[in-house]
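**Student:** Quick mapping for you: the protein sequence lines, in order, are chains A and B.
Here the working numbering is used: the first residue of the first sequence is 1, the next is one more, and so on.
Here the working numbering is used: the first residue of the second sequence is 94, the next is one more, and so on.
My questions will all concern the structure given below.
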Amino acid sequence: MSIAILTGVIAIAQILLGLAMCCATYRLVVGPRAQDRILGLDTLYVNAMLMLVTFGIRTGSTMYFEAVLIIGLLGFVATVALAKFLMRGEVIE
Amino acid sequence: MSAGENLPVWAALLTALLVLVGATVTLIGSLGLLRLRTFYARVHAPTLGTTVGMASILAGSALFFSVNDARPVIHEILIAVFVTLTTPVTLMLLVRAALYRDRTEGSRDVPTAEMVESALLRAKE
Chain A
1 MSIAILTGVI AIAQILLGLA MCCATYRLVV GPRAQDRILG LDTLYVNAML MLVTFGIRTG
61 STMYFEAVLI IGLLGFVATV ALAKFLMRGE VIE
Chain B
94 MSAGENLPVW AALLTALLVL VGATVTLIGS LGLLRLRTFY ARVHAPTLGT TVGMASILAG
154 SALFFSVNDA RPVIHEILIA VFVTLTTPVT LMLLVRAALY RDRTEGSRDV PTAEMVESAL
214 LRAKE
């Protein structure tokens, strides 16, 4: 009984997180400017991390934590590198 | 779907509540990213997901695995600390880059460096 509730609620939560990822993807694709796209990418990373945590609860496997950590690390490095590029790319121009 | 068969009802309900609250708050933050008008307004919205949303979902996950395995599972704290430390750094770098771009274009929506400096001088007096 309780596990049925948990499974259903996690399915709903995954749908909500999927919608959140769609919003971030819209910002990533549409823009309008480069900084909006980078912000969308950062949000997409965070939402994907949270989605993977819910997958971990759903399957009951702790394997997903490593994937979540790697996504967090890559998201941080990617956003910092892109922000730096945005700054320096215009200095050179 | 073999996990959590021996989970007590209170743990299942509390996990479900935490995960649902976290997912809802994250969706609200991303909707803000979608709908707010200017870039500087949009920067604020996704931080809902990186603070309350992340903390709530990770707390639900920690509770689930701790009760399920009958031992404390605290990998989540590592993720929470990492995200909490990195989000302000990335967003500050991004906003500084955006401000720099807007200033070099001569945009009227952002204050110029001279305006900031004179405001700081006035505050000091």
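Think of the CB as a built atom: it goes at the ideal place given N, C-alpha and C, for glycine as much as any other residue.
Output the boundary residues of the alpha helix (DSSP H) element that contains B:Asn-161.
**Tutor:** Counting along the chain, the alpha helix (DSSP H) containing B:Asn-161 begins and ends at 147-162.
**Student:** Take A:Leu-39 and list the residues in its own chain whose beta-carbon comes closer than 7 Å to its own, dropping the five residues that flank it on each side.
**Tutor:** Same-chain partners within the cutoff: Arg-27.
**Student:** Please return the same chain residues whose Cβ sits closer than 7 Å to the Cβ of B:Leu-120, not counting the five positions on each side in sequence.
**Tutor:** Taken in chain order, the list of residues that qualify is empty.
**Student:** Kindly indicate which three-state DSSP category B:Val-62 falls into: helix, strand or coil?
**Tutor:** The structure shown does not extend to residue 62 of chain B, since chain B is modelled only from 94 to 218, so the question has no answer here.
**Student:** Would you identify the three-state DSSP class for A:Ser-61, choosing helix, strand or coil?
**Tutor:** Coil.
**Student:** So A:Ala-13 contacts chain B; which residues on that side make the cut at Cβ distance below 7 Å?
**Tutor:** What A:Ala-13 touches in chain B: Val-112, Leu-113 and Ala-116.
**Student:** Considering just the uninterrupted stretch of the alpha helix (DSSP H) at B:Ile-172, what are its terminal residues?
**Tutor:** Looking at the DSSP string, the run of the alpha helix (DSSP H) that includes B:Ile-172 is 168-197.
**Student:** Leaving aside the five residues before and after A:Leu-44 along the sequence, list all residues of the same chain whose C-beta is less than 7 Å from its C-beta, in chain order.
**Tutor:** If we look at A:Leu-44 and ignore the five residues flanking it on each side, its Cβ neighbours are Met-21, Ala-24, Thr-25 and Leu-28.
**Student:** Quick one: give me the first and last residue of the alpha helix (DSSP H) that B:Ala-116 is part of.
**Tutor:** Note, B:Ala-116: alpha helix (DSSP H), 102-128.
**Student:** Cβ closer than 7 Å: which chain B residues qualify as neighbours of A:Ala-24?
**Tutor:** Within 7 Å Cβ-Cβ: Ser-123 and Leu-126.
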